[in-house]
Structure formats: C-alpha cells, structure tokens
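In our numbering, the protein residues as written are 11 to 348. Below: one structure, written as structure tokens.
Structure below.
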C-alpha cells in the first residue's frame with residue numbers, strides 16, 4: 011500500500027517552487043504579463059531617478075562646486091588668512107581634506123548613485139546664496155565671515171543633494187556635517203568658551219596647589235606664590251588644544267565607535283581632559299618659575315612649546331577612553347564599525 015504523503019510531496023514541492031519566482035516577480039511589479047501596482051513603504055518624496063548618466067552627473071556636480079568656490083573666493087581666501095594668523099582657527103585648514111578623504115573612501119557607491127534631490131538641493135542652494143548676498147558686500151568682520159562660510163557650506167550641501175540625493179546625504183552625513191568645522195566660531199561663543207576654560211583651569215590649578223601642599227594666595231585668576239606671581243590669562247585658557255581634542259574625538263568616534271551614546275561620552279570626556287591638561291601645564295610652569303628660574307614663564311621654550319608633550323599625553327588618554335568604550339560596546343553586543 012503506497013504512502014499518500016509520499017505521492018503528494020513532489021506536487022507540494024513544485025507548488026512551493028513556483029510560488030517563489032512569482033513572489034519575486036511580484037516584488038518587481040510584473041506577474042504573468044500583468045503589471046502589478048504597489049505602493050512602496052519606504053519611498054522618499056525628495057529623491058528621484060536622475061535623468062543624467064553617472065558621468066554627466068559627476069561632471070556637472072564638479073562644475074557646480076568649482077563655480078561655487080570661485081563665487082566664494084573672497085571669503086575663502088580671507089578664511090585661509092585668518093587660519094594662518096589666528097591659532098584659534100588653525101584647524102580650519104585640515105577640515106576640508108578630512109571630509110574629502112571620508113567621501114573618497116566611499117567613492118564607488120557615491121559616484122554610481124542614480125538618485126538626486128533637486129527640490130531639497132535647490133532649497134539649500136537658495137538659502138546659501140541669499141545668506142551670502144546679505145553679507146557679501148559688508149565689511150570683513152569675523153562674524154560676517156562666519157556667515158559667509160556657513161553659506162558656502164550650505165551651497166556645498168545643496169550641490170551634493172542635487173547630484174546624489176538625500177539618501178546619499180544621510181549615508182555620508184558625518185563627512186558633510188564635519189564641514190561645519192570650517193565655519194569660524196562666532197565671537198560671542200568663542201569668548202564664552204575661552205572664559206569658561208579660563209575659570210575652570212584656574213579652579214583646577216587651585217586644587218592642584220592644595221593637593222601638592224604649595225602655599226599660595228589667590229585673587230581671582232592671580233596666584234601669588236612665595237617667589238613668583240602668575241595669572242591665568244585668556245591666553246592660558248587652552249582653547250587651541252581643546253578644539254583640537256574635540257575634532258580628534260569626533261573623528262575617533264566616527265571611525266572606532268558605533269553607538270551614539272559612546273560617541274557622546276567620548277566628546278564629553280574632552281572637556282575635563284582639556285581643562286586638567288591645561289591646569290597641569292600652568293602648575294608645572296609656576297613651580298619651575300617659583301623655585302628654579304622665573305624665565306621658565308617669562309621667556310623659555312618650555313613655555314612656548316611645553317603644551318605639545320601634554321597634548322600628546324592627552325591623546326594617549328583619549329585613545330585609552332576609546333578602547334574602554336569599545337570594550338563596553340563589545341560586552342553589550344554592539345559590533346564596532348571598524
């Protein structure tokens with residue numbers, strides 16, 4: 011007596027195998043010669059299929075970028091001059107190359123994209139152009155320069171959206187948002203940050219003197235030791251190393267960490283690290299000037315370049331923090347990006 015289930019198995023298998031290609035064809039919108047209309051669940055209303063070929067689109071985007079750079083030549087040239095003359099903005103010269111490198115590493119996917127977002131792109135281009143026209147003919151103050159460079163960044167974002175679409179923008183958001191670091195910090199924000207670092211450094215210096223048992227009389231930012239008096243001035247705030255550490259932490263978080271909370275923790279760790287590093291430098295120079303030779307503060311290579319070894323030490327500590335966060339991510343089952 012034959013098994014009824016054995017006879018039905020081939021037909022069931024045939025039925026299942028025929029359903030699979032039908033399902034695949036249904037996803038593509040075509041079944042048995044009939045067009046199937048489906049409403050996609052993840053349609054982006056801003057992205058469209060570009061009418062240009064990839065080569066035409068890439069050439070057009072390059073020409074748009076070159077034209078934008080020529081239009082913004084005056085503020086860009088002024089930005090380079092400011093970066094070379096003012097240590098607060100020396101990092102500006104490095105930012106575009108870092109963003110370009112990150113985009114270059116994913117160039118195959120980027121340059122073969124078939125989508126574009128003309129609506130969003132034109133919106134960004136229009137906002138950037140209007141902002142630049144408002145400040146373009148005015149005197150070259152730092153705040154107006156910041157607005158002009160911010161307008162340039164908006165124009166770059168607009169070109170990217172027109173050329174590659176909003177989906178590619180989201181995929182490469184870090185490199186594009188990182189360009190904001192070329193915008194000179196507005197004077198109000200910069201002065202407030204310097205004052206905060208100055209006050210915080212003075213407080214930590216006071217604590218370190220107390221921990222070391224060094225007799226000192228403090229009056230605000232002035233510390234009177236037995237043989238020497240120092241003042242924690244604005245130049246001693248450590249703003250340059252602080253900005254460098256912030257940029258380094260952003261890049262380290264992007265390359266080595268995956269979760270958002272760990273990246274935020276890494277950037278947040280920079281503030282106390284920079285303050286403590288700066289306070290250690292001030293205390294070290296003050297002790298050398300008080301007990302060895304006053305020229306250690308007034309005129310010495312250690313005063314001018316002594317922050318470099320401490321900055322390297324701060325980088326080592328920052329790397330250690332990255333390792334700790336990676337280990338914690340691993341314990342939580344979050345795989346690192348790289």
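Cβ atoms here follow ideal geometry from the backbone N, Cα and C, with glycine treated the same way.
In this structure residue 321 touches residue 251 by the C-beta definition: roughly 5 Å separates them, less than 8 Å.
From the listed residues 155, 156, 168, 154, the smallest Cα separation to residue 137 is found for 168. The three-state reading of DSSP puts residue 170 in helix, counting H, G and I together.
Excluding sequence positions up to five before and after residue 298, its CB lies within less than 7 Å of the CB of 306, all in the same chain and listed in chain order. The Cβ neighbour count for residue 95, taken over all protein chains shown within 10 Å, is under 16; the residue is labelled exposed. The stretch 270 to 289 and the stretch 243 to 258 touch, with no fewer than 3 CB-CB distances between them shorter than 8 Å. Exclusion of the five residues before and after residue 78 leaves 165 as the residues of its chain whose Cβ lies within less than 6 Å of its Cβ. The shortest CA-to-CA distance from residue 121 to any of 74, 162, 67, 109 is the one to 67.
Rounded to the nearest angstrom, the gap between the Cα atoms of residue 303 and residue 144 is 54 Å. Residue environment analysis places residue 342 among the exposed positions, since fewer than 16 neighbouring C-beta atoms fall within 10 angstroms of its C-beta.
Taking 8 Å as the cut-off, the beta carbon of residue 335 is found closer than this to the beta carbon of residue 272.
Note on geometry: alpha-carbon atoms of residue 228 and residue 211 lie some 13 Å from one another. Secondary structure of residue 268 (DSSP, three-state): coil. Residue pairing by DSSP puts residue 229 in a beta bridge opposite 232. As computed with DSSP, residue 125 is found in a beta bridge with 59. Between residue 236 and residue 300, the C-beta gap is smaller than 8 Å, which places the two residues in contact. Residue 151: not part of any alpha helix (DSSP H); DSSP gives it neither H nor E. Close CB contacts of residue 109 within its chain, under the 8 Å cut and outside five residues either way in sequence, are with 185, 186, 188, 189 (chain order). Contact between residue 196 and residue 156 holds, with the beta-carbon distance rounding to 5 Å and staying under 8 Å.
For residue 285, the closest alpha carbon among the candidates 240, 339, 256, 71 is that of 256.
Scanning 339, 214, 296 for the CA closest to the CA of residue 276 turns up 339. Per DSSP, residue 224 is not a residue of any alpha helix (DSSP H), being assigned neither H nor E.
Rounded to whole angstroms, the separation of the alpha carbons of residue 76 and residue 178 is 21 Å. Listed in chain order, the non-local C-beta contacts of residue 112 below 6 Å within the same chain comprise 185, local neighbours out to five positions each way being set aside. In this structure, the alpha-carbon of residue 238 lies about 56 Å from that of residue 116.
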